[in-house]
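Accompanying notes for the structure given below.
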Amino acid sequence: MAEKKEKKSNYDASSISVLEGLEPVRKRPGMYIGTTGPDGLHHLIWEVFDNSRDEAMGGFANRIEVALLPGGYIRVVDNGRGIPVDMHKQTGVSALETILTVLHAGGKFGGEGSGYKVSGGLHGVGVSVMNALSSHVIAEVHRDGGYHMQEYVIGVPKYKVKKIGSSKMKGTIITFQADATIFPETDYDFKKIVNHLRQQAYLVKAMQLTVIDARLAMGEAAALHASTDKGVQKFLDTLKGKQYLSDEHVEVPHQHFYFEGGLRSLVAFNNQYQKPVHKNIFYVEKNEPDGAVMSVEVAVQYVDDISARISAFANNIYNPEHGTHITGFKTALTRTLNNYARKNNFFSVKDKDTGFTGDDVLEGITAVVSVKMPEIQFEGQTKAKLGSVEARGAVESVFGEAFSAYLEENPDDAKAIINKVVIAVKARKAAKAAKDSVLRKGALEGMSLPGKLADCQSKRAEDSELFIVEGDSAGGSAKMGRDRKTQAILALRGKILNVERARIDKMLASEQIKNVVIAMGTAIGDVFDITKLRYHKIIIATDADVDGAHIRTLLLTLFYRYFKPLIEGGFIYIALPPLYKIQKGKEIQYAFDDNEKLSILKSMGIDPSENEDVIEEEGGEETEVTEAAVTKKNSRVRIQRYKGLGEMNAEELWETTMNPENRILKQVAIDDAILADKVFDVLMGTDVPSRKSFIQSNAKMARLDI
Ligand code: 0RA
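In terms of this note's numbering, the sequence shown is numbered consecutively and its last residue is 806.
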């Protein structure tokens, strides 16, 4: 930065010590923020935000705004107490400067009685790390009737904290620009920021949180400013003394979050697409033991579904792999429901001894468990799993006690929950019986090939392909269009969808799935034998819509769970049929995506955006309008969008999807089995909203290496 000369004031001595203090951060940023990739860049925001959030959690602030500004600046505003600006005894400089320039000073600075019951900063490192990794930081503090400010360049103060005026406000504003010499990429992802902060908003009850993307839209002036350093600086100057930008700039994209009910609201949010089986969401918040060390917060509601959606947080950090708090939660849940059912005679005589298992009580549950504690321990570096043993007992006792009371006080909800669990018990027993019978040795052997299968002539598996096709009409075209020497067709009806949400072992009771298994020839389970595989290419051909994605998901899950060697052996493929047929006169071309469509149109000398000679139509039927258009103006280009394979005739299907010369197949691979398992978990319903968006956004996904 150009201001380097300014340091030549009376500020040299402390500048040097600051540089030395923060040097390790600039030398090894990865040690402090994990990576200098996008996650690390965004980590700077979380680091600053966590401090403001802690003010809100302590009851000192109730409003936070995170703004993306021109020039790669981020601005985090809160109305908390304001970082103290008076002299700090140990360092001889202001507390503000200490917090921003001394490693680890931020979180611990308050110490006992500062109101930080549980210090955040649990990303670990404090705002000084953000300062060290920023080319420019402006700290503004409204406190004790004054408006104070200090700026830093790569962590070094430009001047001592100065009071620039009086103020009736209180709070802190940190504006920073990540250092482009540290971060190869300094573009922020607004969506990622919104998603992270939404989750945080649920964790702090009744906190008003705004995320605002003011990078480009804040008036023409700002957009102009953004193009030069000077312009950006001018723009920043206009913000001085202001607090919340979203109050003034309603025209700029922004999101407000405010969840009165905290975790209760999060459970309601997670259940928004579900059918709750009872009305009142269970909720408890308690400190254990007696108010000080550990706080436990739990919300629960059962819905009409079979998967469990449990979210876990420790000190506001999301723990996707759960840990001790969830162990305690599950123990208490199982025990409490068993006790209640026993006491109120809900068990039939024969179930009395066994009771509900841990899995039974999890079916259909949506729960959020959040603990806060001073000395926290995670397993592994990523903080994905809580390790602190005290959390287990604390959650077990706080939740167990409160949930038991809830059941007593809400008999209607209790009854509905118990009924739900009883259904789970029945389903478990039925599923086990079904699975046993299907898997029984030889059950699938010696079965005649399914009538739905149009087999190929070749008996050599190496040459043979099995097309699993969605729908009877596509099946019909495929049978007519295929090379019958080597290509076999098995048509699936839409029915298969119905088992999608069911237990995986129920899939085996489905006629459709059984047909797939028998056609492949390998049998399943203990008797699976890959040498009996009848086709070395098994090709899933489904429509490019949500239903098609569902069916493909189901089949992939089947293969993953029961036929992993087939994936590992590279025998499973996905057909990618074209999305568009583009016809100009007699010339026909197929486009497999929108880009290809554009380039084909270009090659035909057409600008699709302003060309009146392009007829776009949905659906594959050769409508009269189309025919007329083609004959009358055969110079026109006709674009037909295929919604399904069934819309293609036999010839088209062969040309585009089946003919090895033209078709596009994607081999399904498991590069990383763990990753794939996660993908399937998302797909198969641990988390319905994300599953939905996953399927929609990856409808064409073929390789599983996402
Ligand atoms: C140290 C001590 C106190 C507050 C803070 C830090 C503080 C830090 C940040 C960072 C962003 N917003 C913040 N708000 C407050 C306690 C001061 C007191 O006792 O009044």
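Backbone N, C-alpha and C define an ideal beta-carbon position, used for all residues, glycine too.
| Asked | Found |
| --- | --- |
| Alpha carbon of F149 to alpha carbon of V166, nearest angstrom | 8 Å |
| Neighbourhood of Y344 by C-beta distance below 8 Å, restricted to the same chain and skipping five residues each side | R163, E165, V177 and T310 |
| Under 8 Å between C-beta atoms of Y690 and T756 | yes |
| Distance CB(V498)-CB(V367) smaller than 8 Å | no |
| Segments assigned beta strand (DSSP E), at least 3 residues, entirely inside the segment 396-420 | 409-414 |
| Cβ-heavy atom distance, S470 to the ligand 0RA, below 7 Å | no |
| Element boundaries [alpha helix (DSSP H), containing Y302] | F290 to L303 |
| First and last residue of the uninterrupted alpha helix (DSSP H) at Y823 | For residue 823 there is no data in the structure shown, the boundaries of the chain being 101 and 806. |
| Pairwise C-alpha distance: E147 and R736 | 58 Å |
| Beta-carbon contacts of G140 that lie in its chain and below 8 Å, excluding the five residues immediately before and after | P129, G130, I133, G134 and F283 |
| Bridge partner(s) assigned by DSSP for G265 | Y247 |
| Identity of the residue in L336, E463, I417 and D329 nearest K430 by Cα | E463 |
| Beta-carbon proximity check, T436 vs G500, cutoff 8 Å | yes |
| Own chain, CB closer than 6 Å to V495, minus 5 neighbours either side, in chain order | V396, H425, G428 and F429 |
| Contact under 8 Å by Cβ, V569 with L553 | no |
| Coil, strand or helix - F567 by DSSP | strand |
| Nonlocal neighbours in the same chain, by C-beta distance under 6 Å from V400, ignoring five residues either side | F382 and A467 |
| Classification of L316 by the beta-carbon crowding that lies within 10 angstroms, buried from 16 upward | exposed |
| Supposed close pair I639, Y680 - CB separation, criterion 8 Å | Contact doesn't hold; Cβ gap of about 21 Å is too wide. |
| Cβ neighbours of V125 in the same chain (closer than 6 Å, five flanking residues each side left out) | Y132, V229 and A232 |
| The alpha helix (DSSP H) enclosing S577, as first and last residue numbers | D572 to G581 |
| Per-residue burial, Y635 [other beta carbons within 10 Å of its own, 16 or more giving buried] | buried |
| Span separating the alpha-carbon of I618 from that of A408 | 32 Å |
| Exposure label - V461; buried when at least 16 CB within 10 Å | buried |
| Other residues of its chain near R175: CB distance less than 6 Å, five sequence neighbours each side excluded | A167, L169 and T275 |
| Beta-carbon gap between T201 and G255 smaller than 8 Å | yes |
| Any non-hydrogen atom of the ligand 0RA closer than 7 Å to N445 Cβ | no |
| Euclidean distance between Cα positions of D287 and D279 | 12 Å |
| Close Cβ partners of E120 (< 6 Å) along its chain, the five nearest in sequence each way excluded | none |
| CA-to-CA distance, F357 to Q308, given in whole angstroms | 6 Å |
| P760 burial status per 10 Å Cβ neighbour count (16 or more: buried) | exposed |
| For H349 and A306, believed in contact at Cβ under 8 Å, the rounded distance | In fact, because the Cβ distance is near 24 Å, the residues do not count as touching under 8 Å. |
| Proximity test, T272 beta-carbon vs the ligand 0RA heavy atom, cut-off 7 Å | yes |
| P760 (DSSP reduced to helix, strand or coil) | coil |
| Pick from H378, D337, V185 and V525 that is closest to F447, judged by C-alpha positions | V525 |
| Endpoints, the beta strand (DSSP E) within which H422 is located | It is not in any beta strand (DSSP E) - H422 carries neither H nor E in the DSSP assignment. |
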